[in-house]
Amino acid sequence: MTDAAALAGRRLDLVSAPFTLPRSRVLVFRADDGEGVRVHTSEYERRLSESRVLDALTVIGAGGEVLPVTDVHPARVTFGAAAATLTFADPSTLSLGGEPGARVRLRRPDGHVEEHLLGGGIRLRVAADRAVAVESGGHCAALAATEAIWADWFAKCPSVRDDLQEMTAFCWWVLGANIVELPSLGDARAIVPSKIGYVGLWQWDAYFIAVGLRHGDPELAREQLDIAFRFPQPDGQLPDVVHELGVLATSDDLPESDRANLRRAGSQIADPSAPVPLTKPPLAAWALRKVLEVEDAPDYARTQLARIVRSQDWWFAGSDLDHDGMPEYGHPYSSGLDDSPIFDGPLPTAAPDLGAYLVQQDRDLASLLVKYEPDADVERFRARAETTQALLLRMWDPERRRFLAFGGGEPQLSDTVVGLMPLLTGTLPAPIAAALRQAVDDPERFALPWGLPTVAACDPDFSEERMWRGPVWVNTSMLVAEGLEASGYPERARELREQTVALVIHGGGPHEYFNPQTGQKARTATTAFGWSAALFVDLAVQLS
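Numbered continuously in this note's numbering, the sequence shown closes out at residue 709.
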């Protein structure tokens, strides 16, 4: 196989993909003026513009000329004709070295400018307050150590079909680059959605990231799920986010200024003065099952199953707000599809995707418990799955030939991707499954040039660029493909998987979401996005 690190390096542009190191909070980007680079830290709930370390780091050759960035490799940034290189000495320290007479010019955020000869090497130690201390240090040793870190990481990169290998290598880099340490968890390694703006372990992201990681590093995949499951609320609800300051599990975990926006205002059912639970959709057992398929871990499985059972029970006991047997989303955040038009109506929202996930999770729990806890009573999970599927089928609108969401008991008529998720159950009546297959194939609805939009193209709420209102997301496309296969359409599932990996390659990388007409990154989407990278890896392995 071609060197995976070198393949990944072809896409490290220092714009959409910064130079960084696993476990590091230091990010290096190309400077805005094109000369040299700038340095930031990656922090929870803080923009890059608020996390400035160095506004400019410019390398100057022995003759006084500014040396441009000429090459980027996961382990180093090269300036000029190899006249100088930048690497890491440790997760919080950059190391520079260069030819005799070369120097570096640093411009700090306060405007102060200083120059230092590179000599045998200098180190830039970044403190917690983003202050930089300049020290001397052996550059060659730092370079060798960083190369070893990335060599170990890329040794685990899955080997896939030739046409998918370069993007797989880059996506594997994204997963390694997005590893951070959360101080409150000791030395736990969390893979965040992106060091550019999403620094924490979101529950849903952890599931998708683990599914991709399992192909090369099943131990790290299990670690992601363990972190996501480790901090349940007393009633079993899993938190939305685990971050360095604690968890985000209800609106009370947010700053007071944000809480008013998260109340259940307008709901005819929920108490608008009560804290709003914030979680993510129940795909926990789905993710656990997939991770265990690659490498079995019985003791680990039993520990996690106990947590997932409590979480699943919470959905029915704590999130069935109208007490009709079908749980609802108490807030859009808990759906993972925050801006979907199904939430334009009153809350809480009963949605067909949630119903499908709950059916699938009860069935997965039953099968996993049979294997790992043979004395457990699994009939209650199977029976609840049947009851939930019956309630899910009540959301089917035979005239519109699609599943509808209901906000505060009122039908929400937007034609969205959540209406395709019941395919995941694999047990829909044949005419309904066929109608959903037709929707996937309809160019007026979901069969767009570059994939499956999150809102049907003919719907008034459709937007090519607005988050969850039309752009293609890798995770929803992957789930619909899995649903097509479960419902008896394996060839159409493969076509959708092929289209999804082609989209990521065409769009230039695993972005957060994509314009469905052009196949390019949507304007406001984050780059080097964790679950897009992980699911590309998973799809590439399947297709290979």
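Idealized CB from N, CA, C, for every residue including glycine. Predicted model only: the values in this text are computed from it and were never measured.
inquiry  = What does DSSP give as the partner residue(s) for F694 in the beta ladder?
reply    = Per DSSP, none; premise fails for F694.
message = Once DSSP output is grouped into helix, strand and coil, what is the label at W480?
response = helix
request  = Give me whichever residues DSSP pairs with F244 in a beta bridge.
outcome  = Its beta-bridge partners are V234, A249.
ask   = Are the beta-carbon atoms belonging to R290 and S257 less than 8 Å from one another?
value = In this structure, S257 lies closer than 8 Å to R290 by Cβ.
key: Boundaries (first-last residue) of the alpha helix (DSSP H) holding L192   = Premise fails: L192 lies in the beta strand (DSSP E), 191 to 195, not in any alpha helix (DSSP H).
query = Would you report the Cα separation of A687 and R631, rounded to the nearest angstrom?
reply = 8 Å
ask   = So, using beta-carbon positions, are D518 and A550 closer together than 8 Å?
value = No, the pair does not count as a contact, with Cβ atoms beyond the cut-off.
key: Whole beta strand (DSSP E) elements within the region 559 to 636, 3-residue minimum   = 570 to 572, 575 to 577
ask   = In three-state terms, what does DSSP make of G262?
value = strand
Range of the contiguous beta strand (DSSP E) that encloses L220 = What sits at residue 220 in the sequence shown is Asp, not Leu. From DSSP, the beta strand (DSSP E) with D220 extends over 217 to 225.
inquiry  = Let me confirm a value: K536 is counted as buried when at least 16 other C-beta atoms fall within 10 Å, else exposed. Which label applies?
reply    = exposed
Reference S697, options E388, H496, V669, A254, closest by Cα = Closest by alpha carbon: V669.
Nearest residue (CA-CA) to F546, options L340, H281, L534 = L534
ask   = DSSP state of T553, grouped into three classes?
value = helix
task = Look up R203 in the DSSP assignment and give the residues it is bridged to.
result = BP columns for R203 point to F194.
query = Taking just the CA atoms, how far does S189 sit from E255?
reply = The sequence as given places Asp at residue 255; Glu does not occur at that position. For D255 and S189, the distance between alpha carbons rounds to 8 Å.
ask   = How would you label E388, buried or exposed, when you count the other beta carbons within 10 angstroms and need 16 or more for buried?
value = buried
task = Below 7 Å CB to CB, which residues in the same chain sit around A548 once its five sequence neighbours on both sides are set aside?
result = The beta carbon of A548 sits closer than 7 Å to none of the beta carbons in its chain outside the five residues before and after it.
Sheet register partners of H408 (DSSP bridge) = Note: H408 is bridge-paired with G411 in the DSSP secondary-structure output.
task = Would you give the residue range spanned by the beta strand (DSSP E) that H281 belongs to?
result = 278 to 282
query = On the three-pair Cβ rule with 8 Å, is the region 615 to 624 touching the region 572 to 581?
reply = yes
request  = Give every residue of the same chain whose Cβ lies closer than 7 Å to the Cβ of D478, excluding the five residues on either side of it in the sequence, and list them in chain order.
outcome  = G401
key: Outcome for C336 when other beta-carbon atoms lying within 10 angstroms are tallied against a minimum of 16   = The residue in question, C336, is buried, as its Cβ has 16 or more Cβ neighbours within 10 Å.
ask   = Taking the C-alpha atoms as reference points, what is the distance between H238 and E200?
value = 18 Å
inquiry  = I need the DSSP call for D487, collapsed to helix, strand or coil.
reply    = coil
key: Rounded C-alpha distance that separates Q433 from A516   = With a pLDDT of 49 at Q433, under the threshold of 50, the predicted position of this residue should be treated as unreliable, though the coordinate-derived value follows. Q433 and A516: Cα-Cα distance of roughly 17 Å.
Element boundaries [beta strand (DSSP E), containing A355] = Per DSSP, the continuous beta strand (DSSP E) segment holding A355 begins and ends at 354 to 356.
ask   = Skipping 5 residues on each side, what residues in its chain have a beta carbon closer than 7 Å to that of V474?
value = L530
message = What does the alpha-carbon distance come out to for the pair F319 and A171?
response = 10 Å
inquiry  = Could you tell me the alpha carbon to alpha carbon distance between P539 and L453, rounded to whole angstroms?
reply    = 17 Å
inquiry  = Less than 8 Å between the beta carbons of G245 and T235, yes or no?
reply    = yes
request  = Please classify R270: does DSSP put it in a helix, a strand, or coil?
outcome  = strand
ask   = Which residues bound the alpha helix (DSSP H) around L378?
value = For L378, the uninterrupted alpha helix (DSSP H) segment begins and ends at 368 to 378.
message = Rounding to the nearest angstrom, what Cα-Cα distance links F508 and T514 in this structure?
response = 7 Å
Cβ-based neighbour list, L192, same chain, cut-off 8 Å, excluding 5 preceding and 5 following = P183, F184, T185, V204, H205, T206, S207, L213, K360, I361
message = With H, G and I counted as helix, E and B as strand and the rest as coil, what does DSSP make of F396?
response = Three-state result, F396: coil.
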